[in-house]
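Under the numbering used here, the first residue of the sequence shown carries the number 503, and numbering increases by one thereafter. Notes to accompany the following structure.
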Amino acid sequence: MNDTLYPSKVTKTPDGAYRWSYDMPMFRPNYLMVVLAKVLGIISVAMYIFTLYLVAAGSRMTLRLALLTLLPFVGLFALAALIYSICGLVMGGTYHLRFEMNEEAIMLVRKASTNQLMESVSVIMVLTGAASGNVGQSLTGAGMAAGAGSGLTRFENISRIHPHPKYDEISLTSFDGFNQIWVGPESFEFVRDYLSEHLPKKKKK
């Protein structure tokens, strides 16, 4: 699809839809990093506590044993950071995002190459996690696989909107999952207000 259809500023096209693009620097603090860290952190902490409980039930807990039990979860973060870095390098340090929005829905329009990259990375994470018995890694990979194929969010399904202007990001929560929208500072308020105005009336109340 021609990238000239997706300017950096939100633009209304002749078919009535709004289109724009956003270049997210992969190696600077961004909301994608925050989300990944939160997901991995919650999964790792929960599994670490459960593992400690199992270990303590079978033997006397010591500081050394607690640290040894922590190593696999540190490895999970290291592997996630490595995969993220590889993705960032393959993308040239920038994640180029394209969006379309009309009266009914908003959609992330990914390039075919980006979809293939996300699917390949997610498969690697699922298989590696399954082989090592790491449930958290397998779940993260499965989540990436699902995310690689999704991108459309209908306004009628949105339950909450969470704007994060610091990161140029708007999170959309719906009954079937969530989506993330990135838009530059010059158009951020417009997109945020447009989304708010198109929420179902009962949810606005």
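Every residue gets a Cβ at the ideal spot worked out from N, C-alpha and C, and that includes glycine.
Continuous alpha helix (DSSP H) stretch holding residue i: start and end
i      : result
Leu573 : Leu565 to Val592
For residue i: DSSP bridge partner residues
i      : result
Leu701 : Leu701 pairs with nothing; no bridge assigned.
Lys514 : Tyr520
Leu610 : Phe601
Ser673 : His664 and Gln682
Asp525 : His598
Arg726 : The requested residue 726 is not part of the displayed model; the chain covers only 503 to 707.
Cβ shell of residue i (< 7 Å), same chain only, five flanking positions each side left out
i      : result
Ala519 : Glu602, Met603 and Asn604
Phe692 : Val512
Phe690 : Pro667 and Asp670
Val607 : Per the sequence presented here, residue 607 reads as Ala, with Val not at that position. The residues are Leu654, Thr655, Arg656 and Phe657.
Asn532 : Met526 and Tyr669
Phe677 : Asn659 and Ser661
Arg566 : none
Same chain, Cβ closer than 6 Å to residue i, five either side skipped, listed in chain order
i      : result
Ile683 : Ile672
Arg480 : Residue 480 falls outside the range modelled here, since the chain spans only 503 to 707, and no answer is possible.
Leu599 : Tyr524 and Trp684
Tyr550 : Phe575
Host beta strand (DSSP E) of residue i (start-end)
i      : result
Tyr533 : Run containing Tyr533: none in the beta strand (DSSP E); it sits in the alpha helix (DSSP H), Tyr533 to Gly560.
Pro665 : Ile660 to His666
Gly679 : Gly679 to Trp684
Simplified DSSP state of residue i, which is helix, strand or coil
i      : result
Ala650 : Bear in mind that a pLDDT of 41 at Ala650, under 50, signals an unreliable position, so the model cannot answer this.
Phe601 : strand
Pro687 : helix
Arg530 : coil
Tyr696 : helix
Leu507 : helix
Asn636 : The pLDDT assigned to Asn636 is 47, lower than 50, so where the model puts this residue is not dependable; a value taken from the coordinates is nonetheless given after this. It is coil, neither helix nor strand.
Near the ligand ADP: residue i beta-carbon under 7 Å from a heavy atom
i      : result
Ser510 : Questions concerning the ligand ADP fall outside what the structure shown contains, since it holds no ligand whatsoever.
Residues of its chain near residue i, where Cβ-Cβ distance is below 8 Å and the 5 sequence neighbours each way are ignored
i      : result
Arg562 : none
Thr596 : Asp525, Met526, Pro527 and Met528
Gly653 : Met609, Leu610, Val611, Arg612 and Asn681
Tyr696 : Tyr520 and Met603
Leu701 : Phe657, Ile660 and Ile663
Met515 : Note that residue 515 is Thr in the sequence shown, not Met. Leu507 and Arg521, listed in sequence order.
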